[in-house]
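Each residue of the sequence shown is one higher than the last, beginning at 0 in numbering that gives the first Met the number 0.
What follows is a set of notes on a single structure, which appears directly below.
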Amino acid sequence: MKGPILFLGIGGSGMSSLAHMALDLKLSVFGYDQKNSDTTKYLEERGAIIKNEISEISFEGMEMVVYSSAINDKHKQVFDEIKEKNILLKHRSEFMHLLVSNQKSISVAGSHGKTSTTTMVSQILSEQGYDPTIMIGGDTSLLEKRGGKMGEGKFAVYESDESDGTFLKHKAQVRLLTNIDNDHLDYYKTRERLEDAFFDYMGFGVEGTTVLYASDPGIRDVLLHKTKNTAIHPNFRLYLCLDLEDTKSDWFLNLKTNLLDKLTSVIYQIEEDRLEFEFPGDGKISLHLPYPGVHYLTNGLVAIVGAYNAGVSPKVSAEILSRYIGVKRRQETLGEWKGITVMDDYGHHPTEIEMVIRSLKNKLNSKGRLVVLFQPHRYTRTELLLKELAKSLENADLLFLLPIYSAGETPIPGITHESFIPFLDKEHTEFLKGEMDLDLSIIQSKLKKDDLLLCLGAGNVRDWGLHLLKENPKL
0 MKGPILFLGI GGSGMSSLAH MALDLKLSVF GYDQKNSDTT KYLEERGAII KNEISEISFE
60 GMEMVVYSSA INDKHKQVFD EIKEKNILLK HRSEFMHLLV SNQKSISVAG SHGKTSTTTM
120 VSQILSEQGY DPTIMIGGDT SLLEKRGGKM GEGKFAVYES DESDGTFLKH KAQVRLLTNI
180 DNDHLDYYKT RERLEDAFFD YMGFGVEGTT VLYASDPGIR DVLLHKTKNT AIHPNFRLYL
240 CLDLEDTKSD WFLNLKTNLL DKLTSVIYQI EEDRLEFEFP GDGKISLHLP YPGVHYLTNG
300 LVAIVGAYNA GVSPKVSAEI LSRYIGVKRR QETLGEWKGI TVMDDYGHHP TEIEMVIRSL
360 KNKLNSKGRL VVLFQPHRYT RTELLLKELA KSLENADLLF LLPIYSAGET PIPGITHESF
420 IPFLDKEHTE FLKGEMDLDL SIIQSKLKKD DLLLCLGAGN VRDWGLHLLK ENPKL
């Protein structure tokens, strides 16, 4: 590639990461996005030329156009023009595979925990001097606001996004999978099709190594129902990370019989805030992270086994993760307002919501209330998972609901944040208008000293917390 390259929807997390990687390669980068943001501003500072209207961009001389699934039928005329000019048109997943084709890939997939686990593997390899190529769908200090970077080492670490099925186009040599849950059913339509896609990702029929968090019920069910008669490549290797109790179960014993010499088991136990595990040849190892929550510990174990397949000792990896740097919008402390801690978390799926609420309730340990400001994300997700979302929020001591963040979706008639009313405790729930000053005046009137206010959701709910802190910022 010599460029120039045009990125459609360049302000998105995945597309901006790829654009940064192209800039690392000294390619000429052009971009289109309807909205200006800190993300597009930083890309422009690095040399990208970005327009808010496609009509302002000339396709003459473009070597390639990269697009994401967010660029849809509304842009058919643009795609037709690109094809007429014989310009290469690549989906972002294809472009990323092109970028890392000369490196050994470690991909991370899962309904939850992809970003955290990818960051963990990347931090381990970076601290060990591997200089990996990295693509992460979140903001971490490891990449200094960039989301992606080209490294000169022999490994590439990246997230594999299942939302549109394109994660199956990645041909990674090492594949990590954290869990399987009911998400993106607007794309897959059925649970069976979702499970089939994740089973394909596991890669039993190809050469390589797969690391699974097998104590996840979704992964366990796929292993139970889909591996019995599958063809296994002679050079396939499987690592299962699983709880000690699961090693006594019939499904695990049957799996061991089916896979025989293909399988290595990494057995763990949770001891208070630590995960203790045994690694073949290394004995017992203890993992402790700066962030609370069992899900962080199990993601950390998957990351450690992934890094082992790049040549890093599990003991070394565990020590590095004791300094895990984290990701913006994952249990991120924004500041303090009149003795009240304000946090932000990206959780938007019932499982994620339940996990973060449980983690923070354990952290508070009755020393204050957990007050949750929740913003539902997408009309389709709210419609499909309404009851599950409501149940995941029930352990909040006090709950405020914002209107649904559309993420570009067309509203669905009858689906609003007030659709939650029949499923939530009315005494401890308030429905807000989405007008920041008015909302915050209501929230402030209910807060007490030592409360923890959690801004929860994948939209712009964080802005409510930041606006509150402007009155009395204190970290």
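Every residue gets a Cβ at the ideal spot worked out from N, C-alpha and C, and that includes glycine.
This one's a predicted model, so the numbers in the text were calculated from it and none came from an experiment.
- One alpha carbon belongs to I56, the other to E191, and they sit about 42 angstroms apart.
- Taking S115 as reference, the option from D138, K103 and G46 with the minimal CA-CA separation is D138.
- Here A230 is exposed. Its C-beta has fewer than 16 other C-beta atoms within 10 Å.
- Taking C240 as reference, the option from I303, M63 and S358 with the minimal CA-CA separation is I303.
- The C-alpha of V311 lies about 19 angstroms from the C-alpha of L274.
- Counting of Cβ neighbours within 10 angstroms places N234 among the exposed residues, the total staying below 16.
- When Cβ pairs closer than 8 angstroms are counted between the two stretches, the stretch 82–102 is seen not to touch the stretch 26–38, the count staying below three.
- Along the stretch 429–462, the beta strand (DSSP E) occurs as fully enclosed runs of 3 or more residues at 451–455, listed in sequence order.
- When the five nearest sequence neighbours on each side are left out, the beta carbons in the same chain lying within less than 6 angstroms of the beta carbon of G433 are those of L401 and P402, in order along the chain.
- The stretch 341–361 and the stretch 453–462 touch, with three or more beta-carbon pairs separated by less than 8 angstroms.
- Under the three-state reduction of DSSP output, F198 falls in the helix class.
- Around the beta-carbon of S365, fewer than 16 other beta-carbon atoms lie within 10 Å, marking it exposed.
- With contacts defined as CB atoms closer than 7 angstroms, Q172 and G147 fail to qualify as a contacting pair.
- By the beta-carbon neighbour count (other beta carbons within 10 angstroms, threshold 16), L22 is buried.
- The beta carbons of G11 and S67 sit closer together than 7 angstroms.
- One thing to note: G292 has its Cβ no nearer than 7 angstroms to the Cβ of F373.
- The alpha-carbon separation between I123 and K153 amounts to approximately 14 angstroms.
- For Y187, the closest alpha carbon among the candidates T379, K327 and K447 is that of T379.
- DSSP places K89 in the strand class (E or B) of the three-state scheme.
- With a 10 Å radius around the Cβ and a threshold of 16 neighbouring Cβ atoms, K75 comes out exposed.
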